[in-house]
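A.B. asks:
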Amino acid sequence: MIEWAALVALAAFGVGVLLCAWRLWRGPDLVDRAMALDTLMVNVIALIVTWGIWQGSSVLFEAALFFAMIGFVSTVAFCRYVLRGLIIE
Amino acid sequence: MADMLIAALLLVGAFFGLVGSWGLVRLPQTMQRLHAPTKATTLGVGGVLLASIAYFGWVRGEWSVHELLITLFLFLTAPVSALMLARAWLHRERERVRATLPRPGAPGVDWGTFQPPPEESGSGAEPRR
Amino acid sequence: MRMRSRWRRWVPHPAVSLALTLVWVALQNDFSAGQWLMGVILGVVVPLLLRPFWPDLPQVHSWRTAIVYAAIVLWDIVKANVQVAGWILLRRPETLRSTWLVVPLRLHRPEAITLLAGTITMTPGTVSCDLAADGSALLVHCLHTEDAAATVAGIKSRYEARVMKIFGEGDA
Amino acid sequence: MNAHLPILPVLIPVLSAAVMVALSRQDLVLARVLSFIAAAAQLVVASLLFAAVGEGEVLVYRLGDWPAPYGIALVADRLSAAMVLLTAALGAVLLLHAVCAWDRRGRHFHPLFQFQLMGIYGAFLTGDFFNLFVFFEVMLIASYGLMVHGGGAARLTNALQYMVVNLIASSLFLFAVALIYNAAGTLNFADLAQRVPTIPSSDRGILMAGGALLCVVFLLKAAVVPLQFWLPGAYGHAPGVAAALFALLSKVGAYALLRFALVGLGGASLAALEPLAWLTLLAGALGVLAAPTLGVLAGFASIASIGVLFVGLAGADAARLGAGLYYLVHSTLAGAALFVLADLVRSVRREEGDAVLGGQDFAGRALLGGGFFLAAIAAVGLPPLSGFIGKLALLRSIPVEGGAGAASWVFVLVASFLLLLGLSRAGSRVFWKTQGDGGQASHGPAAGGVAALALLLAGTLVWALVAGPALAYFTQAAQALLEPGAYVQAVMGAGVYR
Amino acid sequence: MSASAIVALPLLGAILPPLFARAGRTPALLAALAPSVIALVLLWGQAAAVFSGVSEEVRVPWVPALGLEWALRIDGLGFFFASLILAIGILIFIYSRGYLAGNEPIGTFYAYLLLFQGAMLGVVLADNLLLLPVFWELTSLSSFLLIGFWRHLPDGRRGARLALAITGAGGLALLAGLILLGEVAGTYRLSELAARQELILASPLAPAILALILLGAFTKSAQFPFHFWLPHAMAAPTPVSAYLHSATMVKAGLYLLARLWPVFGQTDAWVAWVTGIGAATMLLGATIALFKDDLKALLAYSTVSHLGLVTMLLGLGTPTAVFAAMLHVLMHATFKAALFMNTGIVDHETGLRDLRRLSGLAKVMPLTAGLGTLAALSMAGVPPLNGFVSKEAMLAEVLAARWGGGWPLWGLVALAAILSAAYAFRYFSALFFGPLRLPEGRLPHDPPAPLWGPPLVLVVAVVVLGLWPGVAEPLLAAASAAAVGAHAPWPELAPWHGFGAPLVVSAVAFVIGAAMVWHYRALSGRVLAWALPFDGRRAFFSAQEWLVRGAHRLIARVHSGVLGRYVLLLAVVSLVALALGWGMGEGWRPQRAPTPMNGLSLIFAGVGLAAIGLVVRWHHERLRAVLLTGAVGLVVSLAFLHASAPDLALTQISVEAVTTVLLLLMLFFLPQHDAEPVAKPRGAAAVSILIGTAVGLLAWVMMRNDGPTLADYFWSRSVSEGGGSNVVNVILVDFRGYDTFGEITVLGIAALVIYALLQGMQEGAARGHLHAWRFPFTLSPTRHPLPFAVTARVMLPFLLMAVFYIFFRGHNAPGGGFIAALLLALAFLIQYMASGLSWTMHRMRLDAHVWIGTGLLVAGATGMAAMGLGAPFLRSAHGEVHVPGIGPVPLASAMGFDLGVLLTVFGAVTLALVQLAHLGQLVGFPPGRTPMDPARPKPSEKEG
Amino acid sequence: MEILFAVLIAALTAAGIYLCCLRQVFPVVLGLSLLSYATNLFVFVAGRLTVGAPPVWAEGVTRFADPLPQALVLTAIVISFGMTALLVVLAIRARFESGAERSDVPAVTDRVEVER
Ligand code: NA
Ligand code: NA
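Chains A, B, C, D, E and F, in that order, are what the protein sequence lines are.
Take 351 as the starting number for the first sequence in my numbering and just add one per residue.
Take 4 as the starting number for the second sequence in my numbering and just add one per residue.
Take 897 as the starting number for the third sequence in my numbering and just add one per residue.
Take 3 as the starting number for the fourth sequence in my numbering and just add one per residue.
Take -10 as the starting number for the fifth sequence in my numbering and just add one per residue.
Take 2 as the starting number for the sixth sequence in my numbering and just add one per residue.
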């Protein structure tokens, strides 16, 4: 049952990734694209964790942690660029 | 029983994750779409992380709570991401949006995106440290 | 008194140190004495190392309120998630009545403002978008609301009041 | 101490540079003192290493005490020890020029200089081709740093191109490493040599695709036609002291090619490169005629010398290969001398810099003119400097019967003639065609630079005088390349520690 | 031994005159004379032995493998030439003391002359085929310096280059010829060649060898068609012309012909070419000489003519002709050197050398006129001067020659004799006799002794050798014997042989020659037109100009500076290499079963491919492109994650984040869009697709290929010997820790270079451009939004915990020093972004340089600790340390190394990013005062 | 799965080389980033594809990915990161020294201002 649920979850998040990618492509605004990438990251984190359940391995945990952190840094840096140009001032 | 709980958590997570992403595609305005990531973040990832804790604890007998750290980070960062994205959008669209926004209240005060903080206004050049 | 001040010099924020210790042990997934010791050491050392990076760190005045607040927020997240999912899935997007809300703030501590803004964002349906230049109000985008004033009032009573209490800002 | 000889040339510069970085970000005096101490130590160590392999021993140093091919092995044999000594000597000499002219014009000159040396030593000493990649990168990134030292639009933009081209080359290097590892399952030259015969013919395509690609990378570093395009712009605009050190950099490419093709691929001959060597000679010589500045001219002269070198390396016999290696040392000294000279001219001529044009008279004209005369003699390969012996040795080793041999003769001689034309034209313009009496007004060339130039030129003379033993040494080194049995056995067999 | 001294004295002595020149001109002269005089004494100390046929030899091995040795041999031929070189050299040195002006660097001049002298002695004494070209080229080089001595004269500069080019080219040919000669002969000793004549002539290479050697000899001795460099070499100071370009250097070619005469001298090719070229040169030189008004040009062409004459004699193939040749070499050296010195005096005194503007000088400079007239008469072959003696001998030999059937050649020679008489007569008659003509304001008179002494000595020799030619007999006999390799019945040397055909020819020549001078005006215009259509110098320089321009055009195309072309070239070469390499294998088939694909990988591959495509399509929309590159990086790290490489995924994703920050920082300083309309380079697209396809195919092949790997070794020893279960990390810090050491060095260097580059922008052109530049978009006025700043503060300690976690577990699970360092850097980066540069920087304890330096030292020291214990660098140790109350704590020395990695990487990343951000302060971004905005939030009045 | 990796590598390589051919520096930087992704993947797959078996040793595990290429790629990533950072700064400096952001330079035969 877990396996089945995990499969469904994988599919759902996979579709989520595709939806985010669509938004990344279409835009129309830069902010939309950044947002899409941010959401894509969130989906990826969910996928990694679900994948870990499916595989029965927690070796991928750090990866999920990193994606959580790094997605944030990229998004914030990008917004800072739009707002202030120089991201470290 | 544990299996069912885990499966349920997974499915709940999956559902809200998908809804969030779907919102990103379907909602017509940028500001509306900004609501999507929080959905995917909170219940979407949250559900999956809970499922993971439960799975490794109950099914495999390796209790681990380090997934909570991911949640912690996500809960810490998601609001800032959203705020910065919103500000970026407000800034880019300022010509159009600024007039339509409600004002903060006090006279002469505007939103941070458009107005420098009180400490900064008035002083053109700042002394170097 | 003397003892206490010396102790406070090394562990100015026991809550932070405790949190870090817990995080360490959780990360290790190893609850042995060694890891606890290591966690305590890091829990003391890290805040000391980072002291310059967080000047005037506030104390939590009411732990009880904090716990209650956390529970309420969690519940609201679940509730609002369902609600918003319904809007996204079932309503035609054009019928959503998205509006901007202004939430005037009684808070003045940066940490408190941040906590409130974060709460608003994390509960689906509302996103904190900006802070007034002087910090006197939050700009919130609401995905769908019938009654903007009621929503603002809800935020203020349900969240802001508790945040004030947590940080002891009642008299501000 | 003696047991650690192969690692010391790498450790001394990196640790001294690290101390400089940690302690002396702004303290130039300390950096200079450390730099000279390091240079002296390197000379001592390199000499000891050279002495230690004099009888043909192959010193193998297993890093981390892991056996090859699992760990990385450093290998010092006749060839690599000689290259290390050459590097140490060149580095020490150029330091004289650096402290008088360059180290004040930007930050971190001395650490970068030491890192540059470290990279070169590492590349010469390693017996592992991924490690070679790493040290290539150390070498390259330090070279970017030295290349942009002092700034200026032309220098910066040319350095940018140099960097982009080399980054692409680094990618190609990694592609090649991957292919070779996939087919042969090893990263070690000696191990590869052992395994190549056992690789099934079906998998040879993978191996050789990697091998050929690796050769492309080395040929690019060596600036062999058609991959010579990057050199004159990059070296010609680089600070003189850096360019002079870079005279060695392109030789690292040639060295690596030899090691890889002759040892790694088990006796693949480089004969196919002979036509490229001819074109390289011609391109270098024509470039010398066309060069607008002495710096660019020195760059093209380097290309020409690479051509001569590869005429030698294209041979499959020890005499010819040995002659090529002898010439390699010569061309490093001569190329460095030309670059230093161009730099000195640049530093004393106000208006014209190092342009190949006449102009105002300048202080030190006679001195620099004399230096140019000798450097040109060295570059063309005229007596009594070592270029002549090198060319002589090379021509003697190439049988003139048969088309390729005769063509090599013709190209070497014709290119020499073109170089003679180009260099005499440039020299007469810069040092003879002067007017006015600017000589008194301007300051003369810095003493350190002149000393470095004199030492380099004296080096070519000494190299000619000791040509007998030197040629014998390199012929033996070449023999070892052609019959790498001892090398392979030393690396793969029991070493110092295991 | 004295042979070495004879050659070495002038070469080493060359450093003396510049030193002594500070004391004055006469000390310089003495310093120059000393080596030559000693060498001459040493040489003549050998005279008795040489005349009796014994040669002195010196052999010191130099490069045995090549056959190159320091081999000198004094035999008759060498002795003869060496004597000439030294004797005339001494006279030239004395003469130069008077000739050079007081302000000219006479020390340098003597140094060059001594170098030349030594080189020339080396040429004639060398007994090694490879040593000879060493000295040969040295004579060309010293000649170059001497011709260009007056560097302010354009003619001098060009003449020097011309001479160097022609003789240098010849030298290269000669070198080739001599190498082959030695190869064929099996010996590189000149003295052993004669014995191997048959072997040499039997070789198929013999014609080529002869051609190459003749090319060397003919260029050096200014034979047609290479003669043209010599007159232009006359731009040199006159002592140089007298010494190098008439008496000695140009005779090096003749010497060489004489030297190789025993080998080739009687072959048909030799006889035909040497005689033919010699005769042609003789006639051409004489013709032109007659019509030159410049005294030095006249003498130069006459020298060409006389060199042709000697060449012709050497070509005749008979021993007696060789004797005649040697005779003429001697005679010519004396009278021609005297004539050059004479011209030099005239030039010195009048400032002119033009026969059209000078005449009647005998009236004011009688001594000069007398010397000049005698020398010129000798050149004309008038008895009883020495020129007559050698001309007689020459005519006799030609008459006896077999080549050209005797008479045709004879006719040519007679014609040359007529012309030669004519120009010689013209020299002295037009210059010294007739009405006095002088340039304005000059009052010439006979010069001081240093100027007239040396020519006087030579003219005395002219007379003595003319009257008693027998005194030179032993010298010439020895020389000829050495040249032909045998003693022959040498012609008798006498001032008078009675009446015979040669005398008739001479007499006729004098008459016609005198008549030609008499009617010179009528003659000159007409003959000049056909005799001088060919200007060698102009042809040479226009050829060179053409060459330079062609080279320029070619090089400009090849080294165009267009990066795109370079990249494509590299790509094409790589493609070719891949194809060639792949072609060496055969019959590869997939060997491993494919790994099953799943939907997720399809999705991500699709996303990745789309993102790649969009980066290419939108590269000009830079911000968008950065975002999409981030997406690509995400996909790549997921690929690593999926294919069992969590360490790679972690590294890739964290590098990705830092890179994004870097690119955004970069974009602040660059335009947001590509400046020009984007042209689509089709060629680039095609090549890119090709190489992409090739690389992709190879990747596929590798994945489906089975082969040996090293994996099992690492797997089985990682824990037991490396002390860690994360094999990748153990490889990084232990098995291949040396790679990692190099890698962190690279990163450290990168940071240092970045620092240096950015510091350098505060001056020069960059500073100006930087100050003029403004970020083109309106900025939001708030720097550090409060919620972001607060969140960053909250995150920092937790991130630090994560750093410790990742660092400590790296040896056993994904993580390690590098990843920890990146995480640490990101933690502070967040702080920098949230609270600003100066606020954060002032809270960092240490300068990033210290981190980098310390990190490298820590890593190095960990590795070196092993060396102290007698193990190689980076030998690791691991084990468990029992800590009371905690239990066993696993420790590996590699952790110390990993700590070095962490420090270096953190320092490098921080230094790079912070310095880059710092630059922003130069473009109107003064540092903010507050770490968050608003710094003191105001509660809302309405509510409060 | 191999096909997907191969296609990804091919696309990265092609796009990377193509962008490197353009006349401004920024696309070249992007191109080199893509090329370095391609390189890293290429080296990685030299150790073949292994799904679900990371090279972390544990008792009884016998199926594992080849750790060596992974270690090599790690080194390569770090190096290429350093290089990218340097290239970015060099590009900025060059742009401000010369006043323009171009990937070309004058032909080597053209005489440019002397840099001392
Ligand atoms: Na929300
Ligand atoms: Na195979």
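For every residue, glycine included, the Cβ atom is placed at its ideal position computed from N, Cα and C.
As the structure is a prediction and not an experimental result, all values here were calculated from the model.
Going straight from the alpha carbon of D/D356 to that of D/L459, what length do you get?
C.D. replies: Answer to the nearest angstrom: the Cα atoms are 20 Å apart.
A.B. asks: Identify the contact partners of B/V48 in chain A, using a Cβ-Cβ distance below 8 Å as the criterion.
C.D. replies: V392, I395, A396 and V399
A.B. asks: When the Cα of E/A664 is compared with those of F/I80, F/L9, F/R24 and F/L73, which residue comes out closest?
C.D. replies: F/R24
A.B. asks: Tell me which residues share the same chain as E/A411 and place their Cβ nearer than 7 Å to its Cβ, disregarding the 5 neighbours each side in the sequence.
C.D. replies: L279, G502, M505 and V506
A.B. asks: Starting from C/S1024, follow the beta strand (DSSP E) in both directions and report where the run begins and ends.
C.D. replies: T1022 to L1027
A.B. asks: Determine the DSSP secondary structure at D/Y63, reduced to helix, strand or coil.
C.D. replies: strand
A.B. asks: Mind listing, in chain order, the continuous alpha helix (DSSP H) runs of no fewer than 4 residues lying wholly within the stretch 59 to 86 of chain B?
C.D. replies: none
A.B. asks: Determine whether the beta carbon atoms of E/L818 and A/V423 lie at a separation below 8 Å.
C.D. replies: Result yes, Cβ atoms of E/L818 and A/V423 sit closer than 8 Å.
A.B. asks: Are the Cβ atoms of D/Y328 and D/A395 separated by less than 8 Å?
C.D. replies: For the pair D/Y328 and D/A395, the CB atoms are nearer than the 8 Å cut-off.
A.B. asks: Considering only DSSP beta bridges, list what D/T128 is partnered with.
C.D. replies: D/L76
A.B. asks: Using Cβ-Cβ distances below 7 Å, what residues of the stretch 806 to 833 of chain E are close to chain A?
C.D. replies: L815, L818, I819, Y821, M822, G825 and L826
A.B. asks: On the DSSP letters alone, give me the boundaries of the beta strand (DSSP E) that E/E45 sits inside.
C.D. replies: Segment E45 to V52, the beta strand (DSSP E) holding E/E45.
A.B. asks: Could you pull out every unbroken alpha helix (DSSP H) segment of at least 4 residues lying fully inside the stretch 85 to 110 of chain E, listed in chain order?
C.D. replies: Qualifying alpha helix (DSSP H) stretches: none in this window.
A.B. asks: Roughly how many angstroms lie between the CA atoms of D/G438 and F/A15, to the nearest whole one?
C.D. replies: 58 Å
A.B. asks: Which residue comes first and which comes last in the alpha helix (DSSP H) that contains E/I819?
C.D. replies: G806 to S824
A.B. asks: Mind checking the stretch 940 to 956 of chain C against chain E and listing, in chain order, the residues whose C-beta falls within less than 7 Å of any C-beta there?
C.D. replies: V942, P943, L946, P948, F949 and W950
A.B. asks: Closer than 8 Å, CB to CB, is B/G115 near chain C or not?
C.D. replies: Judged by the 8 Å Cβ criterion, B/G115 is in contact with chain C.
A.B. asks: For the stretch 369 to 386 of chain A, enumerate the residues whose C-beta is nearer than 7 Å to any C-beta of chain E, in chain order.
C.D. replies: A371, L374, W375, L380, R383 and A384
A.B. asks: Mind listing the chain F neighbours of D/I143? Cutoff is C-beta to C-beta under 9 Å, in chain order.
C.D. replies: I80, G83, M84 and L87
A.B. asks: Does the stretch 691 to 698 of chain E touch the stretch 637 to 646 of chain E, meaning 3 or more C-beta pairs lie closer than 8 Å?
C.D. replies: no
A.B. asks: Given B/P130, which residues of its chain have a CB within under 6 Å of its CB, disregarding the five upstream and five downstream residues?
C.D. replies: Because the pLDDT at B/P130 is just 36, under 50, the model does not fix this residue reliably, and the point stays unresolved.
A.B. asks: My assumption, with CB atoms under 8 Å, is that C/G1064 sits in contact with E/K927. Please give the rounded CB distance.
C.D. replies: 18 Å between Cβ atoms; not a contact.
A.B. asks: Taking E/L355 as part of the alpha helix (DSSP H), name the residues at either end of that continuous run.
C.D. replies: The displayed chain sequence assigns Pro, not Leu, to residue 355 of chain E. Taken as a continuous stretch (DSSP letters only), the alpha helix (DSSP H) holding E/P355 covers P355 to A369.
A.B. asks: Using a Cβ-Cβ cut-off of 8 Å, state whether C/M1018 counts as contacting chain B.
C.D. replies: yes
A.B. asks: Is it the case that the Cβ atoms of E/S367 and E/G361 are separated by a distance below 8 Å?
C.D. replies: no
A.B. asks: Find the nearest neighbour of D/L36 within the set D/K223, D/L275, D/Q116 and D/L420, judged by alpha-carbon distance.
C.D. replies: Taking each of D/K223, D/L275, D/Q116 and D/L420 in turn and checking the Cα distance to D/L36, the smallest one comes out for D/Q116.
A.B. asks: Which same chain residues, not among the five before or five after E/S379, have their C-beta less than 6 Å away from its C-beta?
C.D. replies: For E/S379, where only same-chain residues beyond five positions count, the Cβ hits under 6 Å are L316, H317 and M320.
A.B. asks: Decide yes or no for the touch test of the stretch 251 to 263 of chain D against the stretch 120 to 137 of chain D: beta carbon pairs closer than 8 Å, at least 3 of them.
C.D. replies: yes
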